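So in the working numbering, the last one in the sequence shown is 360, and the numbering has no gaps at all.
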Amino acid sequence: MSTRKDLAYSVRWNLLLLTVGSALFALGAQGIVARHGFLTGGIYGIALMVWYHTHFLSPAAWYLLCNIPLFALGWLHVGRRFLLYSLYGMLATSLFAEVFQGVNLGVHDQLYAAVASGVICGAGGGIMLRSLGSGGGLDVAAIILHKRFGLGIGRFGFGFNAVLFTASLVSMPVDTVIASLIQVFIAAVTMEYVLALFNQRKVVFVISEHSRRIGHDLVSELGQGATFLQGRGGYSGDDREIVMTVTNNVQLKRMEELVFTVDPEALFIVENTFTVLGGQFARRKVY
């Protein structure tokens with residue numbers, strides 16, 4: 074487990090995640106989104122909008138220029154490690170977007186294009202967010218505002234994109250704006266899925282008359298941590314110990330078998346949890 078944690082904090086691993094993620098995002102943005110005149114959310118959406126109206130420079134160049142003042146402010150208000158990784162992510166995104174400027178992935182139908190670009194850009198964004206940094210842009214601005222004024226990061230992102238797409242109705246066809254909204258929605262769902270794929274865990278509660286033995290077997294046979302919670306039966310009023318542990322999908326079936334081997338009458342409760350930090354699991358991301 075310590076090796077896994079060391080890998081998650083290694084410079085090479087984080088640069089790899091940022092490189093792969095930025096390449097995917099740029100491929101979707103330039104190979105599909107820009108070809109159909111869509112907007113992505115965030116700062117890259119601003120860059121695309123400016124490029125559509127001016128055809129001066131490129132979306133990659135506008136993205137880079139829009140990020141410069143954000144990173145200048147971030148240097149004063151955001152942690153150095155997060156900012157430097159995000160700077161790399163932003164530069165990599167700009168570079169790949171410039172390289173992929175002439176790429177056309179050949180998706181012609183507008184709806185298919187919105188779906189495909191949403192999946193590709195969302196996957197890229199999710200991979201970048203699994204690192205200790207981000208792709209820059211709106212993430213840096215949101216963290217600055219959160220630290221300075223307590224504004225929720227998700228709330229700021231939603232508000233920013235709402236203003237962006239409302240403004241786009243003035244100069245863009247309604248069908249294109251709707252397709253862009255579909256793209257942003259699918260990208261957000263894909264991003265959440267990619268993050269969950271890396272980090273989703275199961276919280277397991279076991280209520281049994283043999284909780285001590287079950288807890289011991291979880292530790293000795295499966296190498297799981299276990300915590301005893303004090304509970305009381307609603308009907309009997311008897312005090313009892315509830316076993317709580319956190320596991321993954323791979324271990325879950327083995328854990329179920331172990332519990333019911335010890336006590337066929339046990340109550341086995343499983344809940345999904347998105348993030349588990351501390352202990353033998355991941356460390357928190359410091360902004």
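The beta carbon of each residue, even a glycine, is placed where N, CA and C say it ideally should be. Nothing here was measured: the structure is a model prediction, and the numbers come from that model.
- Query: Rounded to a whole number of angstroms, what is the C-alpha to C-alpha distance between G152 and A260?
  - Reply: Pairing G152 with A260, the inter-Cα distance amounts to about 27 angstroms.
- According to the Cβ coordinates, are I116 and S190 closer than 8 angstroms? The Cβ-Cβ distance between I116 and S190 does not fall below 8 angstroms.
- Message: Measuring only the C-alpha atoms, how far is L103 from L97?
- Response: Per the sequence presented here, residue 103 reads as Gln, with Leu not at that position. Computed Cα separation, rounded: 10 angstroms.
- Query: Using CA coordinates, which residue listed in R327, G230, V343 and I280 is at the minimum distance from I315?
  - Reply: Comparing Cα-Cα distances from I315 to each of R327, G230, V343 and I280, the minimum goes to I280.
- Message: Starting from G278, trace the alpha helix (DSSP H) in both directions and tell me its first and last residue.
- Response: In the sequence as displayed, the identity of residue 278 is Phe instead of Gly. It is not in any alpha helix (DSSP H) - F278 instead sits in the beta strand (DSSP E) that spans R274 to I280.
- Query: Which residues share a DSSP beta bridge with N345?
  - Reply: Looking at the DSSP output, N345 shares a beta bridge with K275.
- Task: Taking 8 angstroms as the threshold, find out whether the region 209 to 222 comes into contact with the region 136 to 155 through three or more Cβ pairs.
- Result: Enough Cβ pairs lie closer than 8 angstroms, so yes.
- Task: With DSSP as the reference, label M74 as helix, strand or coil.
- Result: Note that M74 scores 48 on pLDDT, short of 50, meaning its location in the model is unreliable; the coordinates nonetheless yield the value given after this. Secondary structure of M74 (DSSP, three-state): coil.
- Task: Taking Y266 as the reference, give the member of V243, I200 and I342 with the closest Cα.
- Result: Closest in C-alpha terms to Y266, from the list V243, I200 and I342, comes I200.
- Message: In this structure, how does DSSP classify L164 when only helix, strand and coil are distinguished?
- Response: Reduced to three states, the DSSP call for L164 is helix.
- Message: I want to know whether the region 205 to 213 touches the region 160 to 175 - three or more CB-CB distances under 8 angstroms.
- Response: Contact between the region 205 to 213 and the region 160 to 175 is established, with three or more Cβ pairs separated by less than 8 angstroms.
- Query: Under the three-state reduction of DSSP, which class applies to D311: helix, strand or coil?
  - Reply: If DSSP states are grouped into helix, strand and coil, D311 belongs with coil.
- Message: Buried or exposed, going by whether 16 or more other CB atoms sit within 10 Å of the CB of F346?
- Response: Reading off the sequence shown, one finds Thr at residue 346, where the question assumed Phe. T346 is exposed by the Cβ-count criterion.
- Task: Could you spell out the range, first to last residue, of the alpha helix (DSSP H) harbouring L149?
- Result: P132 to H150 is the span of the alpha helix (DSSP H), which, as asked, contains L149.
- Task: From the DSSP output, in three-state form, read off L89 for me.
- Result: Here L89 carries a helix assignment [DSSP, helix/strand/coil].
- Task: Compare the beta carbon distance of S253 and L112 with 8 angstroms and say whether it is the shorter of the two.
- Result: Taking 8 angstroms as the Cβ cut-off, S253 and L112 qualify as a contacting pair.
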